[in-house]
Amino acid sequence: MFTLAELSRQFPNSRYHADQHIVTWHPDGVLDNDCADRAVAFMELAEKIEGKPFNRYVDMTGHSRIQIDLDHIVRLARRRRSYRGPRVKTAFYAVRLISLTVARMYQELMVGSNIEVCIFPEREAAAAWLGVPETILPKQRRKSS
Numbered sequence: 097m098f099t100l101a102e103l104s105r106q107f108p109n110s111r112y113h114a115d116q117h118i119v120t121w122h123p124d125g126v127l128d129n130d131c132a133d134r135a136v137a138f139m140e141l142a143e144k145i146e147g148k149p150f151n152r153y154v155d156m157t158g159h160s161r162i163q164i165d166l167d168h169i170v171r172l173a174r175r176r177r178s179y180r181g182p183r184v185k186t187a188f189y190a191v192r193l194i195s196l197t198v199a200r201m202y203q204e205l206m207v208g209s210n211i212e213v214c215i216f217p218e219r220e221a222a223a224a225w226l227g228v229p230e231t232i233l234p235k236q237r238r239k240s241s
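To get the working numbering, take the position in the sequence shown, counting from 1, and add 96.
Next up, the structure:
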């Protein structure tokens, strides 16, 4: 059986902070249907491995392009609404209009589920809402072209 630390090594832009009970994810590149599917599969596997509730933080500022289908967001939200564990929080850090739009759609679709979703244009506000130190939500490092 994997540990979350081992799983995070397979997803190099993610990290499990055991002391804070949170997974942070700093994806980069293109957010498309396949990327979103991999992220959901990672989260579902992480939930099984950990066996305890943990919050989530997604920094969307590293995406170079967003090409996810709107109906795919609906399907993913339906899938995630099946989560039956204790209530957890997911914070999206997004600043670009397209990222905010995708995150807002997901947030609306998750209302009433055990996963509470909130969107933040500032990392500091996300850290406060999640109850974690800002230092575990570092700024996304831009890759040079």
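Cβ coordinates follow ideal geometry from the N, Cα and C atoms, glycine included. Just so you know, these numbers come straight off a predicted model, no measurement behind them.
{"Asked": "Where are the beta strand (DSSP E) runs, 3 residues long or more, that stay fully inside the stretch 174-233, in chain order?", "Found": "184-189, 211-216"}
{"Asked": "Determine the contact status of Tyr202 and Met156, defining contact as a CB-CB distance below 8 Å.", "Found": "no"}
{"Asked": "Does the stretch 217-226 come close enough to the stretch 172-182 that 3 or more CB-CB pairs lie under 8 Å?", "Found": "no"}
{"Asked": "Does DSSP put Ile164 in a helix, a strand or coil?", "Found": "coil"}
{"Asked": "Would you kindly check if the distance between the Cβ of Tyr153 and the Cβ of Ile118 is under 8 Å?", "Found": "yes"}
{"Asked": "May I ask you to report which of helix, strand or coil DSSP gives Asp124?", "Found": "coil"}
{"Asked": "So the alpha helix (DSSP H) Asn129 belongs to, where does it begin and stop?", "Found": "129-146"}
{"Asked": "Pull the bridge partners of Met118 from the DSSP assignment, please.", "Found": "Correcting the residue identity first, residue 118 is Ile in this sequence and not Met. Ile118 pairs with His113, Asn151."}
{"Asked": "Once you ignore the five residues that flank Ala132 on each side, which residues in its own chain have a CB closer than 8 Å to its CB?", "Found": "Ile164, His168, Ile169, Leu172"}
{"Asked": "Looking only at its own chain, which residues have a Cβ that is under 6 Å from the Cβ of Ala223, when we skip the five neighbours before and after it?", "Found": "Glu230, Leu233"}
{"Asked": "Hey, would you say Phe138 sits closer than 8 Å to Phe107, going by beta carbons?", "Found": "yes"}
{"Asked": "Do you know offhand how far Ile145's Cα is from Thr120's?", "Found": "16 Å"}
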